[in-house]
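K.L.:
Please find one structure pasted underneath; my questions will follow.
This is how it looks when you write it as structure tokens:
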């Protein structure tokens, strides 16, 4: 393994950790909000529905980010993005269906609302992070790129 490939590998591993942390932060906030709303609607059981829906969406998003990371290491970034969509959509859909059919804690529309809030937050965050991990448009442009844009000069890829 050459030094450039080991640097690339450690950089992408750090991007996976950073992405997982960002996803956790977003879902901690929405999970707390949906837990409070669930508690208001259905007491402690409703709060558990809000927390569990955030946990389900976090696991799904983390699996999606992991799929992108593994596929990028294999040179198949597009396949990683497709696998990410599968995990991000399939797991919350399956878990939500099972939860709604097994638990009668909250009325169905309220339980679906709690899951939907967490799902949409995870969807937006995980999509942006996945595109960032595969090298798409950066979430935060570098200072050099911003300076070049303000000067009317296209930034070079070599720098």
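Numbering (this note's numbering), first residue to last: 543 to 701. A virtual CB, placed ideally from N, CA and C, is assigned to each residue, including glycine.
Are the stretch 656-665 and the stretch 588-596 touching, with three or more C-beta to C-beta distances below 8 angstroms?
P.N.:
Because the criterion of three Cβ pairs below 8 angstroms is met, the stretch 656-665 and the stretch 588-596 touch.
K.L.:
Using the Cβ count rule (16 or more neighbours within 10 Å means buried), how would you classify residue 634?
P.N.:
To locate residue 634, count along the chain shown from 1; it is residue 92. With 16 or more other Cβ atoms within 10 Å, it is buried.
K.L.:
Three or more C-beta pairs under 8 angstroms: does that hold for the stretch 565-575 against the stretch 628-648?
P.N.:
Because the criterion of three Cβ pairs below 8 angstroms is not met, the stretch 565-575 and the stretch 628-648 do not touch.
K.L.:
Out of 565, 579, 569 and 623, which has the shortest C-alpha to C-alpha gap to residue 656?
P.N.:
Here residue 656 refers to the residue found at position 114 of the chain shown. The candidate whose alpha carbon is nearest that of residue 656 is 579.
K.L.:
Would you tell me roughly how many angstroms separate the C-alpha atoms of residue 630 and residue 602, rounded to the nearest one?
P.N.:
Locating residue 630 in the chain shown gives position 88, counting from the first residue. Locating residue 602 in the chain shown gives position 60, counting from the first residue. Taking the straight line from one Cα to the other gives about 5 angstroms.
K.L.:
Could you spell out where the alpha helix (DSSP H) holding residue 677 opens and where it closes?
P.N.:
Numbered from 1 along the chain shown, position 135 holds the residue referred to as residue 677. Unbroken run through residue 677: none, as it is neither H nor E.
K.L.:
Under a three-way DSSP split, which group does residue 647 fall into?
P.N.:
Walking along the chain shown from the start, residue 647 turns up at place 105. Here residue 647 sits in coil by DSSP.
K.L.:
So the candidates are 568, 607, 599 and 645; which of them puts its Cα closest to the Cα of residue 675?
P.N.:
Start at 1 with the first residue of the chain shown, and residue 675 comes out as number 133. It is 607.
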